[in-house]
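Reviewing the structure listed below.
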Amino acid sequence: MSKRLFVKGNEAVAMGAIAAGCRYYFGYPITPQSDIPEYMSRELPRLGGVFIQAESEIASINMLLGASASGARGMTSSSSPGISLKQEGLSYMAGSELPGLIVNICRSGPGLGGIDASQGDYFQSVKGGGHGGYHLIVLAPHSVQEMYDLTILGFDLSDRYRVPAMLLGDSVIGQMKEALVPHPYVAPELPAKDWAVTGKGGRSDQKIVKSLFLGDGELEAHNWRLHDKYRLLKENEVRYEGVELDDAELTVTAFGSAARIAKTAIAMARREGLKVGLLRPITLFPFPEKAFAAATARCKRVLCIELNAGQMVEDVRLSVTRDADVYFYGRPPGAGSLPTPEELLEQIRKHYKD
Amino acid sequence: MEKVFGHPVSLKNVQTHFCPGCQHGTIHRLVAEAIDHFGVQQRTIGVASVGCSVFLYGYFDIDVVEAPHGRAPAVATGVKRVHQDRIVFTYQGDGDLAAIGTSEIIHAANRGEKMTVIFVNNTTYGMTGGQMAPTTLPGQKTVTSPYGRDVGIDGYPIRMAELLSVLEGTAYVARVAVNSPKNLLQAGKVIRRAFEYQVENRGFSFVEVLSACPTNWGMNPLKANERVESEMIPYFHLGTFKDIAG
Ligand SMILES: Cc1ncc(C[n+]2csc(CCOP(=O)(O)OP(=O)(O)O)c2C)c(N)n1
Ligand code: SF4
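Residue numbers (the working numbering), protein chains in the order written: chain A, 1 to 354; chain B, 1001 to 1246.
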């Protein structure tokens, strides 16, 4: 049986990546995620892996592109401004159908902003971010255990679909310490990386990794193929947590650290006799559209809570039944701007009947 | 009878898309000859950049990864770190390497990545229609320096070979031209030597090749070749700027 450890969220990401067999890490320091490169720089060399502190986030995502095109399991991590710099590379990786894990331990923006917890990068993460119309697989952990588990899942999903995966956390989840049981990794059956460049090695065909498609109709066909994969992800890979939804009169929804606070507020509301449940998306892309439709077939009220001024709420509105009411409560980041459970309880009371 | 001349094995026998008189094709051939010379076609991986040379995979019969504009040295770093026993090279234009990708080239060179970089300097952005490049010569007219490059406004042409040669991480840095039979022969030797550095796992090698872009210079191929001699070589001196083997 695995031991229970007491570790930081960021360390759990690094541990999960190593457990999943990731041996290539490329990154550039930025708070609040630097524990990840620090951990990797310590551990990877003794495992025969490669750690490179790149000259920029742009270089590090492109090193990942090269390593991934070579058939390796690799990752990069950063925080919001650094993730903005990676968008060019992400678009190229998406276009070249390259797997890889990108960790975003968000901080507040726009611009240099601050280092406190934020969910201001939701749009950037789930709507493409870079140019050209693509999606990443986006996973949103809300505990240290999930930082570990979803890191592993991110690698596996990314390899299976050849779609880059993003782990979207924030400074609260990244910096807090709690119990982690590091389950040993059981590698699922994954398609062979027979598309990777290795040098021809006697092969008669050439391996080409590219995103340029100039032939008549070639690019449209390529785009339809990508979008077909996004459809498959929506059908097969949606993950969410439902808490006390069966008798709920109000469905609260939140992801990541906001969901942690919401859980406390919901427990308080239940003690008051209010029938409140939680629908917590774990995959932000693919978004749990059907789960929202099902939840609102019975309960017509949804309260969406986010650490921003309203982003996921748009996807919630698109997913609920036509006659459902969607309310929003959010706090864009600023020092000390995390909502308290009492603050959320007040919102729950307000929208429970109103 | 001994065969002394033939089509390189690493180069596909297809027609290229390059303009008449463009020297990308010639440089492709020299690179392919070097790969053949060392018999490493089966373990070579090319990294294509953005620019007129983007179709590297269409002409070389080797595995190829395409990099975003300027990022080829970073992509090649990832490839080489995974495949340490393969021969990895980038092929980049002057807009690609000396403008948008300056950071990537300087740092890959400085890390001493064991790769070979072929840098094609034609003093302009070919593919996008002849705009000013970081290598555009003083007074040279381009579509974005219609009055001629004014160094007071636009700065000076960058001599990348000299710049990189001062970095500890570089092992071999040279500049060649392909505008005359003599220069062409020398270019072939230098490119081969750059690959030899990698075959022997000695470090980062870099060859800047002065090249003509007749289309965007508004010249016929012969005139363009003359311009390489009379205008480019006097500014971008040919020679070896660093060779750690001496
Ligand atoms: C991020 C980005 N910016 C701009 C471009 C447009 N672009 C394509 S090729 C090129 C210049 C290429 O010039 P050079 O590297 O000198 O190669 P050449 O075409 O002369 O061989 C530019 C600016 C691009 N593809 N991507
Ligand atoms: S535009 Fe210039 S560099 Fe490009 S193919 Fe034509 S001659 Fe060559």
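Note that the Cβ used here is the ideal one computed from N, Cα and C, for glycine as well.
query: Could one say the Cβ of residue 1076/B lies closer than 8 Å to chain A's Cβ atoms, at least one of them?; result: yes
query: Considering just the uninterrupted stretch of the alpha helix (DSSP H) at residue 38/A, what are its terminal residues?; result: 35 to 43
query: When the Cα atoms are used, what is the spatial distance from residue 111/A to residue 59/A?; result: 20 Å
query: Less than 8 Å between the beta carbons of residue 404/A and residue 16/A, yes or no?; result: The displayed coordinates of chain A run from 1 to 354. Any statement about residue 404/A would go beyond what the structure contains.
query: For residue 1020/B, count the other beta carbons within 10 Å of its own beta carbon; 16 or more makes it buried, fewer makes it exposed. Which is it?; result: exposed
query: Whose CB is closer than 5 Å to a heavy atom of ligand 3? List the residues in chain order.; result: Only ligand 1 and ligand 2 can be found as ligands here, which leaves ligand 3 out of the picture.
query: Select from 1052/B, 1016/B, 1091/B the residue whose C-alpha is nearest the C-alpha of residue 1209/B.; result: 1091/B
query: Less than 8 Å between CB atoms is the rule here; does residue 63/A satisfy it with respect to chain B?; result: yes
query: Can residue 18/A and residue 47/A be called in contact, C-beta distance under 8 Å?; result: yes
query: Just list the beta strand (DSSP E) runs in the segment 1027 to 1113 of chain B, keeping only unbroken ones of 3 residues or longer that don't cross its boundaries, in chain order.; result: 1044 to 1048, 1063 to 1066, 1087 to 1093
query: Inspect the CB distances between the segment 135 to 152 of chain A and the segment 179 to 191 of chain A and report whether three or more fall short of 8 Å.; result: yes
query: Determine whether the Cβ of residue 26/A lies closer than 8 Å to any Cβ atom of chain B.; result: yes
query: Hey, is residue 1107/B's beta-carbon within less than 8 Å of any beta-carbon in chain A?; result: yes
query: Am I right that residue 252/A and residue 305/A are in contact with their C-beta atoms under 8 Å? What's the rounded C-beta distance?; result: 6 Å
query: Figure out for me which residue from 1036/B, 1038/B, 1053/B has the closest Cα to the Cα of residue 1017/B.; result: 1053/B
query: Whose C-alpha, out of 139/A, 28/A, 152/A, 129/A, is nearest the C-alpha of residue 79/A?; result: 28/A
query: Just checking my contact of residue 1122/B with residue 1212/B at CB under 8 Å: how many whole Å lie between their CB atoms?; result: 6 Å
query: Between residue 175/A and residue 300/A, which are expected to be in contact by the criterion C-beta below 8 Å, what is the C-beta distance as a whole number of angstroms?; result: Not quite, the Cβ-Cβ distance comes to about 38 Å (not below 8 Å), so this is no contact.
query: What is the DSSP secondary structure of residue 1239/B, reduced to helix, strand or coil?; result: strand
query: Does the pairing of the segment 279 to 286 of chain A with the segment 133 to 140 of chain A give three or more beta-carbon distances under 8 Å?; result: yes
query: What residues of chain B sit near residue 88/A, judged by a beta carbon separation below 9 Å?; result: 1068, 1069, 1071
query: For ligand 1, any of its heavy atoms closer than 7 Å to the Cβ of residue 1154/B?; result: no
query: Kindly list, in the order they appear in chain A, the residues whose Cβ is closer than 8 Å to that of residue 1041/B.; result: 200
query: State the start and end residues of the unbroken beta strand (DSSP E) segment that holds residue 75/A.; result: 74 to 78
query: Under the DSSP definition of a beta bridge, which residues are partnered with residue 1172/B?; result: 1205/B, 1243/B
query: For ligand 1, is there a heavy atom less than 7 Å away from the beta-carbon of residue 1069/B?; result: yes
query: For the putative contact between residue 1241/B and residue 1168/B, defined by C-beta atoms under 8 Å, what is the C-beta separation to the nearest angstrom?; result: Not quite, the Cβ-Cβ distance comes to about 14 Å (not below 8 Å), so this is no contact.
query: For residue 125/A, which three-state DSSP category applies?; result: helix
query: What's the gap between the Cα of residue 1203/B and the Cα of residue 224/A?; result: 43 Å
query: In whole angstroms, what is the alpha-carbon distance linking residue 249/A and residue 321/A?; result: 15 Å
query: Using a Cβ-Cβ cut-off of less than 9 Å, give me the residues of the segment 50 to 84 of chain A that come near chain B, in sequence order.; result: 50, 52, 54, 55, 56, 58, 59, 60, 61, 62, 63, 64, 65, 66, 67, 68, 69, 70, 71, 72, 74
query: In the DSSP assignment, what are the bridge partners of residue 209/A?; result: 1065/B
query: How about residue 1117/B and residue 1206/B: are their beta carbons less than 8 Å apart?; result: yes
query: State yes or no: is the C-beta of residue 1214/B within less than 8 Å of the C-beta of residue 1224/B?; result: yes
query: Please find out if some non-hydrogen atom of ligand 1 comes closer than 7 Å to the beta-carbon of residue 1050/B.; result: yes
query: Give the C-beta separation of residue 1256/B and residue 1060/B to the nearest angstrom, bearing in mind that I take them to be a contact with Cβ-Cβ under 8 Å.; result: With chain B covering only 1001 through 1246, there is no way to say anything about residue 1256/B.
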